[in-house]
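Novice:
Protein chains: 4
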Amino acid sequence: MEEAAPEVQTKVRESFDRQGLMHHLGARISHIGPGRVHIVLPSRPEVTQQHGYFHAGATSAIADSAGGYAAFTVFRPDSSVLTVEYKINLLAPAEGDHLEAVGTVLKSGRTLTVCNLDVYAIRGTDRTHVATGQQTLIQIKARPER
Amino acid sequence: MEEAAPEVQTKVRESFDRQGLMHHLGARISHIGPGRVHIVLPSRPEVTQQHGYFHAGATSAIADSAGGYAAFTVFRPDSSVLTVEYKINLLAPAEGDHLEAVGTVLKSGRTLTVCNLDVYAIRGTDRTHVATGQQTLIQIKARPER
Amino acid sequence: MEEAAPEVQTKVRESFDRQGLMHHLGARISHIGPGRVHIVLPSRPEVTQQHGYFHAGATSAIADSAGGYAAFTVFRPDSSVLTVEYKINLLAPAEGDHLEAVGTVLKSGRTLTVCNLDVYAIRGTDRTHVATGQQTLIQIKARPER
Amino acid sequence: MEEAAPEVQTKVRESFDRQGLMHHLGARISHIGPGRVHIVLPSRPEVTQQHGYFHAGATSAIADSAGGYAAFTVFRPDSSVLTVEYKINLLAPAEGDHLEAVGTVLKSGRTLTVCNLDVYAIRGTDRTHVATGQQTLIQIKARPER
């Protein structure tokens, strides 16, 4: 898969590292391409719901971040990105060694960007599509990240 | 506000306590009414995005759980609940001392239930509506909770 | 219910009258309040799906227009409104003498506005909630309406 | 593109012909494949919004029908399909000679099916992606179609 330019990768990674939630969940970025970002979340008790599957909230959190950073790769350097809204369908119980969320820019406009969100559960060589979504993001003047 | 029957409250709290994610985020249930559940999430660095606000993934996670348990209060005792899908609009930056997610059953059918999701950020006496959503849930035969 | 200012009512009605689809479906505006618009759609074979109920597309069309015009009432006079996205849950078969769609502004920002959409089916004195939705709209510089 | 079995095509076309709204809008089915249905809507004043573009309600109506019939192609012969909910993003002004809505089954379960919805505006050889959506449908015991 195509990699994003080095300065874009740096911008994305530095921002991701400031997301306390992603760190707390144990998520990490596994790919940064132009208009496409992957985030991986390993299975552990801290991210489960009551049946032991990945919690929809954890699935959604990495999907939302993957889409946000996918949009970030195509935005102007001096801009920030905020999620306006998203919708997600949970297709199958999310169980496996880890989840992989894939955010992909579908349409990028001057103000708004629309991303596709997909989450897969991986166990060994099995890959199950566990969630699919759509997200709208807005590009705003950069806010200082802390 | 009206409280749910004691056995319903017990069923909800026992299930919530098995959600590793809710515990890991620091969320707790603050109200269980018939068709209505509130979940509170205190502010801390572990639930932030890059600007220091609550991460949309954390906001969504407690909204999803609040809606799921609101549906659970109206379901048959021997059933489980799964989120089919939800959509959430982020209305304002989520900052404050804590978030309160309110899940409310709008329509409950034999198979499917639709809930309203609302999240408020509270700082002192200020209460800001930071997210609103809609969720579809399915009632299934009970699965063992671990 | 509170009525919108006369010039706002005129602006909304003139725009609505240019919507070929609303005329073709037989829809009409029944209320224009500040941040709130109602649209009525009488039952007739031209708006049905295969079981004889109102088609979800007709239900959605009047819901989308009701929300769009609700947003229009709070926008600057020199602006136009476009629907960015919406999500709608169909709660019950839509059958009756007519439908009433209610669009209500939930949050209005400088660029984006979020509306609640609700549709009721009315038969005599019975009123059934048949659809509920959420809509995001964008305020843009006015385009000439034809 | 692969065609659906003749009896499936007949079932879909007969049901579509009973949708008063599709006929009234001037929509027709242009493809019936396994898990995939296309619906075409020619441009005419009866389907416009105030700027002369296709109305979001018309765009959504054919998208909803395309997804519903795509699901119908994979359902048991003795079942009916109802839309539970859908979400649609309007990506660009919908203008052209005609619209083409493409409904595709993404995941089909025993009770629920999830479809992707895409709508394109075609002018001559130009094809613009004007809307994208996600839809949840439920399979129920067949109801008589009138």
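Residue numbers (the working numbering), protein chains in the order written: chain W, 1 to 146; chain A, 147 to 292; chain Y, 293 to 438; chain R, 439 to 584. Where a beta carbon is used, it is the ideal one built from N, C-alpha and C, also for glycine.
From R/Asn-527 to Y/Ser-372, what does the alpha carbon distance come to, in whole angstroms?
Specialist: C-alpha separation (whole angstroms): 18 Å.
Novice: Determine the closest residue to W/Ala-131 out of W/Ser-15, W/Asp-64, W/Gln-50 and W/Met-22, with distance taken between C-alpha atoms.
Specialist: Of the listed residues, the one whose Cα sits closest to W/Ala-131 is W/Asp-64.
Novice: Report, in whole angstroms, the separation of the C-beta atoms of R/Ala-530 and R/Ile-477, which I expect to be a contact under 8 Å.
Specialist: About 19 Å separates the two Cβ atoms, so there is no contact after all.
Novice: Just how far apart, CA to CA, sit R/Thr-574 and Y/Gln-431?
Specialist: If I take the Cα positions, the gap works out to 29 Å.
Novice: Which of helix, strand or coil does DSSP assign to W/Glu-14?
Specialist: Three-state result, W/Glu-14: helix.
Novice: Quick check: R/Glu-441 and R/Gly-471, are their CB atoms within less than 9 Å of each other?
Specialist: Yes, Cβ-Cβ distance for R/Glu-441 and R/Gly-471 is below 9 Å.
Novice: For Y/Val-411, I'd like the list of residues in its chain whose CB is within less than 6 Å of its CB, leaving aside the five on either flank, ordered along the chain.
Specialist: Contacts found: Thr-351, Ala-355, Leu-391, Ala-393, Val-422 and Ala-423.
Novice: Which bits of chain A does Y/Thr-424 rub up against, with CB to CB less than 9 Å?
Specialist: In chain order: Leu-252, Lys-253, Val-260, Asn-262 and Gln-280.
Novice: In chain R, which residues lie less than 7 Å from Y/Gly-312 when you measure between Cβ atoms?
Specialist: Under the 7 Å cutoff, chain R gives Pro-483, Glu-484, Val-485 and Thr-486.
Novice: In chain A, which residues lie less than 9 Å from W/Val-84 when you measure between Cβ atoms?
Specialist: The contacting residues are Asn-235 and Leu-236.
Novice: Is any beta-carbon of chain W found at less than 9 Å from that of A/Leu-171?
Specialist: Yes, A/Leu-171 counts as interfacial toward chain W.
Novice: Kindly give me the distance between the Cβ atoms of A/Gln-165 and W/His-55, rounded to whole angstroms, as I take these residues to be in contact under 8 Å.
Specialist: Indeed, because the Cβ distance is near 6 Å, the residues count as touching under 8 Å.
Novice: Any idea if W/Ala-27 is buried or exposed, counting beta-carbon neighbours within 10 angstroms, 16 or more meaning buried?
Specialist: It is buried - the Cβ of W/Ala-27 has at least 16 other Cβ atoms within 10 Å.
Novice: In the DSSP assignment, what are the bridge partners of Y/Arg-435?
Specialist: Per DSSP, none; premise fails for Y/Arg-435.
Novice: Let me check one thing: in DSSP terms, what residues is R/Gln-573 bridge-paired to?
Specialist: Answer is R/Tyr-524 and R/Cys-553, bridged to R/Gln-573.
Novice: Report the three-state DSSP secondary structure of A/Glu-241 (helix, strand or coil).
Specialist: Three-state result, A/Glu-241: coil.
Novice: Could you check if A/Thr-229 is buried or exposed, using at least 16 other CB atoms within 10 Å of its CB as the buried criterion?
Specialist: The residue is buried, with at least 16 neighbouring Cβ atoms inside 10 Å.
Novice: So, with DSSP's three-state summary, where would you put R/Tyr-558?
Specialist: Reduced to three states, the DSSP call for R/Tyr-558 is strand.
Novice: If you scan the segment 448-502 of chain R from start to end, which runs of the alpha helix (DSSP H) of 4 or more residues do you find wholly inside it?
Specialist: Within the segment 448-502 of chain R, the complete alpha helix (DSSP H) runs of at least 4 residues are 458-463.
Novice: Could you name the residues that DSSP lists as bridge partners for A/Gly-249?
Specialist: Paired residue(s): A/Val-183 and A/Leu-263.
Novice: Can you give the Cα-Cα distance for Y/Asp-370 and W/Tyr-86, rounded to whole angstroms?
Specialist: Going from the Cα of Y/Asp-370 to the Cα of W/Tyr-86 covers about 30 Å.
Novice: Hey, out of Y/Lys-399, Y/Asn-408 and Y/His-343, whose CA is closest to R/Ala-580's CA?
Specialist: Cα-wise, what sits closest to R/Ala-580 is Y/His-343.
Novice: Taking CB distances under 9 Å as the criterion, tell me whether Y/His-343 reaches chain A.
Specialist: No, no contact with chain A.
Novice: Would you mind working out which of R/Cys-553, R/Asp-564, R/Glu-533 and R/Tyr-507 sits nearest R/Ser-468, comparing C-alpha positions?
Specialist: Of the candidates R/Cys-553, R/Asp-564, R/Glu-533 and R/Tyr-507, the one whose C-alpha sits nearest the C-alpha of R/Ser-468 is R/Tyr-507.
Novice: Taking C-beta to C-beta, are Y/Ser-400 and Y/Ala-363 nearer than 9 Å?
Specialist: A contact, by the Cβ cut-off of 9 Å.
Novice: Going by other Cβ atoms of all chains shown within 10 Å of its Cβ, with 16 needed for buried, is W/Gly-124 buried or exposed?
Specialist: That one is exposed.
Novice: Measuring alpha carbon to alpha carbon, tell me which of R/Ala-443, R/Lys-449 and R/Pro-444 ends up nearest R/Pro-582.
Specialist: Answer by Cα proximity: R/Lys-449.
Novice: Under 9 Å between C-beta atoms, does R/Phe-454 make it to chain Y?
Specialist: Yes, R/Phe-454 lies at the interface with chain Y (some Cβ there is under 9 Å from its Cβ).
Novice: Which residues in the same chain have their Cβ closer than 6 Å to the Cβ of R/Gly-505, if we skip the five residues on either side of it in sequence?
Specialist: So the qualifying residues of the chain are Gly-541, Cys-553, Leu-555 and Gln-573.
Novice: Quick one: list the residues of chain W neighbouring A/Ala-240, beta-carbon separation under 9 Å, in chain order.
Specialist: Within chain W, no residue comes near A/Ala-240; the closest Cβ sits about 11 Å away, beyond 9 Å.
Novice: Run down chain Y in chain order and give the residues with a C-beta less than 8 Å from the C-beta of W/Thr-111.
Specialist: Going along chain Y in sequence order, the residues near W/Thr-111 (Cβ under 8 Å) are Thr-403 and Ile-430.
Novice: Quick one: list the residues of chain Y neighbouring R/Arg-588, beta-carbon separation under 7 Å, in chain order.
Specialist: The structure shown does not extend to residue 588 of chain R, since chain R is modelled only from 439 to 584, so the question has no answer here.
Novice: What are the partner residues of R/Thr-566, as DSSP defines its beta bridges?
Specialist: Paired residues: R/Ala-559.
Novice: Taking W/Glu-95 as the reference, give the member of W/Arg-110, W/Val-74, W/Ala-121 and W/Met-1 with the closest Cα.
Specialist: The residue with the shortest Cα to Cα distance from W/Glu-95 is W/Ala-121.
Novice: W/Asp-17 and W/His-24: beta carbons closer than 9 Å?
Specialist: Going by C-beta atoms, W/Asp-17 is not nearer than 9 Å to W/His-24.
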